[in-house]
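**Q**
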Amino acid sequence: MISFNPASKTFKLDTPNTSYVFAVGKEFGHLVHYYYGPKVSDDNLSYLSLQDPNATQAWVEREKLSYVDCVSFEYPTGGTGDFRTTAMEVETQEGYSVLELKYDSHEIYKGKRKLSGLPATFAGEDECQSLDVILKDDILGLKVVLTYSVFENLDAITRSVKVINEGKAIYLTKVMSTCLDLYNEDFEVLKLCGTWARERRMERYPLAHGYQGISSKRGISSHQENPFIALVSPNTTQTQGQVYAMNLVYSGNFDADIYRNQFDYARMTMGINPYKFKWKLETNASFEAPEAVMVYSAEGLGKMTRTFHDLYRKHLIRSPYKNMKRPILINNWEATYFDFNTEKLLDIAREASKVGIEMLVMDDGWFGDRNDDNKALGDWIVNEKKLPGGLKYLVDEVNKLGLKFGIWMEPEMICPDSDLYRAHPDWAIAVPGRVAGKSRNQYVLDLTRSEVMEHTWNSIKAVVDSANIEYVKWDMNRPLADIASLGLDNDRQGEFFHRYVMAVYELQGRLVSSYPNLLLENCSGGGGRFDPGMLYFSPQIWCSDDTDAVERLRIQEGTALVYPLSSMGAHVSDCPNHILGRVTPFETRGHVALAGTFGYELDITKISKEDRDEIPKQVEMYHKYNDLVREGDYYRLASFADNNEYDCWMVKAKDESEILVTFVSVMNRPNMKPLTIKLQGLDASRKYKDLESGMVYTGDMLMYAGIRESRIWGDYKSKLIHLVEVK
Ligand code: GLA
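Under the numbering used here, read the sequence shown as residues 748 to 1474, first letter to last.
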């Protein structure tokens, strides 16, 4: 899968349908990028790397700056005349910033090495092959290792970067994880943007000259931006068109930039955001940048999506739950907010146990003096006024009802009005002498300090050990600002953001390794940290605080563009919806939540009898379809965001034996054209039976003629169509 041609010093990385080719440039020994796209059989592609394929060595020597500013680089560096976006920048003790990396050596090996402390994809020796290319700047004594991996059966390439300092202490000011130079074929940019309760909406526009991209400076990957970017050819749809996509396995400040230059080349870079990043690298110290995933599809967005889903389900998510049905949970947040006690929770659990719900999750408000969102974060001691007998009593009682028990925590936080803050005011992130800004009346703990980290770990551990807790919802409800750490020297303050993310990874790593059977769900004010880094620790992430079934269509469409359905936290909540006031049918809320992890977020003791009676049917539906939804291939068939009428998606079993189509009618109008749902990705000759209508279709009928459905009368109605193969 990975080969090296010693005569031309060319590297070729092949996946089942793609090739990625670069070489040691004959001009100066830089790594020069040749090609990424559909599979090619030859590596003789050097003519692609320069504007003028006939440029002579004499011209290159005379016009080094022109050469450097137009050649396609594999890992461009700052200071030598490449005026496009760079992948790496340094600052020496003298304040100089020239870096020139030249090929030194390489190694091709089976399998994949771990990144220290960072989440990353993994694969066995028989499933994956990797390449390390070692580059050096001899003047600085800096060694840079570019690592690439390719996986069996997947059109994905992962990249990461390690910097090793063999010279004098130096500052790294930018280390991107990946870079891709492409000739611009009228590309459009695709990204996922949003805000709280409206996360990850797709946005697409033509690539303009200059810089454009997406990034986060919030210390988390964020609601506003997601560490995903793609270049797509014009008219790309779900089923056709070229897609070059990148996704960063990282949960903090990131930058994904695309620069279109004077010659119409596009350079995509992705990595840690260089904003406020300055990492001191002492002699013999090293720095590892997070992993980036690159996916190329020549068959539209759908193929890209399924490549990400398969890669993440097989090679990123580690939890033992990843291939298992998750317990159907009921969370008390929208049911009670802070107003609950043991009795109330047991009432909910009792009713839940009668309808097949399998776990009670106690959300915010069970600890310290927390009766609203103003105080007590950090005081992870159960509030016995609300929960007499403590967690142990409550959990035992819940267990006796046949339900598992889960708990909410926000371990990274500290409220100014908390015992923890009164004891350790300096543990909150703040610049000495300044009053830091609060958000939701809370500060963030400086987890980069070992005493704060150890205290936080002990608090989490004490909670999890105190009762039979089988699930933790790990929340994070504010961005980072007022950055400073008392634990870092002045010339290391620029390390803070990354060290913070590493500390969160350390804590979550300890949690999942100490409690291997614990189900962890990440959350950040809804979906503010929905990224591949988090998926390494938790098989599911709360998708959004917006549980409205219609708003969820767009949120889940954007999320599922990259992330597997099995990872999308989705619940049925009560109506009118708490965020929007919209009323949607209970059945539709169930169908939309079925596309994710599925659960409930309502007061089951208060909802109408009709809704309550629906729950056992929905529970049955979940058990019937979850294996298919969790493990199957996802196809987006229609988007309400595009057609303003309806949403439609399907999941096909890997063995193609069954298909589930979900259709949600959002906007009905009189005298509309008949609704035709055309399926995708089927074997033309297989036959499927619609179990409800009894109609038998061939695969080609389903794809080309489609299913004819009547419009459903009423607001926001939905329908499942289950097709089973008949021989
Ligand atoms: C965040 C979460 C919610 C809930 C609240 C509790 O907003 O996204 O689901 O847990 O915090 O304060």
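Every residue, glycine too, gets a C-beta built ideally from N, C-alpha and C. Remember, it's a predicted structure, so these values are computed and weren't measured experimentally.
By the DSSP assignment, the beta strand (DSSP E) with S750 in it spans what residues?
**A** The residue given as residue 750 occupies position 3 in the sequence shown. Here the beta strand (DSSP E) through S750 covers 749-752.
**Q** Anyone know if the C-beta pair for L846 and L889 falls short of 9 Å?
**A** Within the sequence shown, the letter at position 99 stands for residue 846. Within the sequence shown, the letter at position 142 stands for residue 889. Yes.
**Q** Taking only beta-carbon atoms, is H1056 less than 9 Å away from chain B?
**A** Protein chains in the displayed structure number just one, and chain B is not present.
**Q** So, with DSSP's three-state summary, where would you put A1175?
**A** Numbered from its first residue, the sequence shown carries residue 1175 at position 428. Of the three classes helix, strand and coil, the one that applies to A1175 here is strand, per DSSP.
**Q** Considering just the uninterrupted stretch of the alpha helix (DSSP H) at D933, what are its terminal residues?
**A** Walking along the sequence shown from the start, residue 933 turns up at place 186. Where D933 is concerned, there is no enclosing alpha helix (DSSP H), given that its DSSP letter is neither H nor E.
**Q** Note down the Cα distance separating D1278 from L995, rounded to an integer number of angstroms.
**A** Counted from its first residue, the sequence shown places residue 1278 at position 531. Counted from its first residue, the sequence shown places residue 995 at position 248. Taking the straight line joining both Cα atoms gives about 8 Å.
**Q** Is it buried or exposed for P1067, if we count other Cβ within 10 angstroms and need 16 for buried?
**A** Reading the sequence shown from its first residue, position 320 is the one you call residue 1067. Exposed.
**Q** For the ligand GLA, I want to know if D1111 counts as a neighbour, meaning its beta carbon is within less than 8 Å of at least one of the ligand's heavy atoms.
**A** By 1-based counting over the sequence shown, the position of residue 1111 is 364. For the ligand GLA, at least one heavy atom lies less than 8 Å from the Cβ of D1111.
**Q** Near Q1427, what residues of its chain come up, given a Cβ to Cβ distance below 8 Å and the 5 sequence neighbours on each side ignored?
**A** Here residue 1427 is taken as the residue at index 680 of the sequence shown, counted from 1. Answer for Q1427: Q985, T986, G1049, Y1382, L1384, M1397, M1450, listed in chain order.
**Q** Check P953 in the structure and name its three-state DSSP category.
**A** Taking the sequence shown and counting its residues from 1, one reaches residue 953 at position 206. The answer is strand: DSSP assigns P953 an E or B state.
**Q** What is the C-beta distance between E1472 and Y1435, in whole angstroms, given that I count them as a contact (C-beta under 8 Å)?
**A** Position 725 of the sequence shown holds residue 1472. Position 688 of the sequence shown holds residue 1435. Rounded to whole angstroms, the Cβ separation of E1472 and Y1435 is 6 Å, and the two are in contact under 8 Å.
**Q** Taking only the alpha-carbon atoms, compute the straight-line gap between E1403 and S1260 and give it to the nearest angstrom.
**A** Reading the sequence shown from its first residue, position 656 is the one you call residue 1403. Reading the sequence shown from its first residue, position 513 is the one you call residue 1260. Using only the alpha carbons, I get a separation of about 36 Å.
**Q** What number of angstroms, rounded off, separates the C-alpha of D1111 from the C-alpha of W1204?
**A** Numbered from 1 along the sequence shown, position 364 holds the residue referred to as residue 1111. Numbered from 1 along the sequence shown, position 457 holds the residue referred to as residue 1204. Whole-angstrom Cα-Cα distance: 19 Å.
**Q** Count the C-beta pairs between the segment 884-898 and the segment 906-924 that are closer than 8 Å, then say yes if the count reaches three, no if not.
**A** yes
**Q** Once you ignore the five residues that flank K1401 on each side, which residues in its own chain have a CB closer than 7 Å to its CB?
**A** In the sequence shown, the residue the question calls residue 1401 occupies position 654. Same-chain partners within the cutoff: E1378, G1379, D1380.
**Q** Are the CB atoms of V922 and I1005 nearer to each other than 9 Å?
**A** Numbered from its first residue, the sequence shown carries residue 922 at position 175. Numbered from its first residue, the sequence shown carries residue 1005 at position 258. No, the pair does not count as a contact, with Cβ atoms beyond the cut-off.
**Q** For the segment 885-932, which segments carrying the beta strand (DSSP E) assignment without a break, of at least 3 residues, lie completely within its bounds, in sequence order?
**A** Fully contained in the segment 885-932 are the following beta strand (DSSP E) runs of length 3 or more, in chain order: 889-898, 903-912, 917-930.
**Q** Report the rounded CA-to-CA distance for V768 versus P785, giving the unit in angstroms.
**A** Position 21 of the sequence shown, counted from the first residue, corresponds to residue 768. Position 38 of the sequence shown, counted from the first residue, corresponds to residue 785. Going from the Cα of V768 to the Cα of P785 covers about 11 Å.
**Q** Helix or strand or just coil, what does DSSP make of H777?
**A** For the purposes of this step, residue 777 is identified with residue 30 of the sequence shown, where counting begins at 1. Three-state DSSP puts H777 in coil, outside helix and strand.
**Q** Nearest to S1100 by CA position, among F1333, I1351, W1155, is which residue?
**A** Translated into positions along the sequence shown, residue 1100 becomes position 353. Nearest option by C-alpha distance: I1351.
**Q** Have a look at D1086 and E913 and give me their C-alpha separation to the nearest angstrom.
**A** Residue numbering aside, residue 1086 sits at position 339 when the sequence shown is read from its first letter. Residue numbering aside, residue 913 sits at position 166 when the sequence shown is read from its first letter. C-alpha separation (whole angstroms): 59 Å.
**Q** Can you list, in chain order, the stretches of the beta strand (DSSP E) that have 3 or more residues and sit fully within the segment 941-1018?
**A** Listed in chain order, the complete beta strand (DSSP E) runs (minimum 3 residues) inside the segment 941-1018 are 945-953, 957-962, 972-979, 990-995, 1001-1007.
**Q** How far does the beta strand (DSSP E) with K849 in it extend, from its first residue to its last?
**A** As a first step, residue 849 is located in the sequence shown; it is residue number 102 there, counting from the start. It spans 849-857 - the beta strand (DSSP E) in which K849 sits, taken as one unbroken run.
**Q** Quick one: give me the first and last residue of the beta strand (DSSP E) that N1269 is part of.
**A** Taking the sequence shown and counting its residues from 1, one reaches residue 1269 at position 522. Counting along the chain, the beta strand (DSSP E) containing N1269 begins and ends at 1266-1269.
**Q** T1030 to Y918, Cα distance in whole Å?
**A** Taking the sequence shown and counting its residues from 1, one reaches residue 1030 at position 283. Taking the sequence shown and counting its residues from 1, one reaches residue 918 at position 171. Spanning the two alpha carbons is a distance of roughly 11 Å.
**Q** For A1250, which residues does DSSP report across the bridge?
**A** For the purposes of this step, residue 1250 is taken as residue 503 along the sequence shown, with counting starting at 1. According to DSSP, A1250 bridges with nothing at all.
**Q** Just to confirm my understanding: we take D1238, look at its own chain, exclude 5 residues before and 5 after, and list those with CB closer than 7 Å. What are they?
**A** Taking the sequence shown and counting its residues from 1, the one referred to as residue 1238 is at position 491. Here the set comprises K1027.
**Q** Name the two residues that bound the continuous beta strand (DSSP E) containing N1078.
**A** Position 331 of the sequence shown, counted from the first residue, corresponds to residue 1078. Where N1078 is concerned, the enclosing beta strand (DSSP E) stretches over 1076-1078.
**Q** Name the two residues that bound the continuous alpha helix (DSSP H) containing E1157.
**A** Locating residue 1157 in the sequence shown gives position 410, where the first residue counts as 1. It is not in any alpha helix (DSSP H) - E1157 carries neither H nor E in the DSSP assignment.
**Q** Exposed or buried, A1032, counting other C-beta atoms within 10 Å across all chains shown (16 or more means buried)?
**A** Counting from 1 along the sequence shown, the entry for residue 1032 is found at position 285. The residue is exposed, with fewer than 16 neighbouring Cβ atoms inside 10 Å.
**Q** Just grab the DSSP bridge partners of F1244 for me.
**A** Taking the first residue of the sequence shown as 1, we reach residue 1244 at position 497. DSSP, once it has assigned bridges, lists no residue as partnering F1244.
**Q** Near H1325, which residues of its chain fall below 7 Å by C-beta distance, leaving aside the five closest residues on each side in sequence?
**A** Taking the sequence shown and counting its residues from 1, the one referred to as residue 1325 is at position 578. These residues qualify, in order along the chain: E1081.
**Q** Using a Cβ-based criterion (distance less than 8 Å to any ligand heavy atom), does W1080 qualify as near the ligand GLA?
**A** Your numbering for residue 1080 matches position 333 in the sequence shown. Because some heavy atom of the ligand GLA lies under 8 Å away, the Cβ of W1080 counts as near it: yes.
**Q** Give the straight-line distance between the Cα atoms of S788 and T762, rounded to the nearest whole angstrom.
**A** The residue labelled residue 788 in the question sits at position 41 within the sequence shown. The residue labelled residue 762 in the question sits at position 15 within the sequence shown. Looking at the two C-alpha atoms, the distance is approximately 12 Å.
**Q** Using a threshold of 8 Å, is the CB atom of G1343 nearer than that to any non-hydrogen atom of the ligand GLA?
**A** Here the question's residue 1343 lines up with position 596 in the sequence shown. Not under cutoff, so the answer is no.
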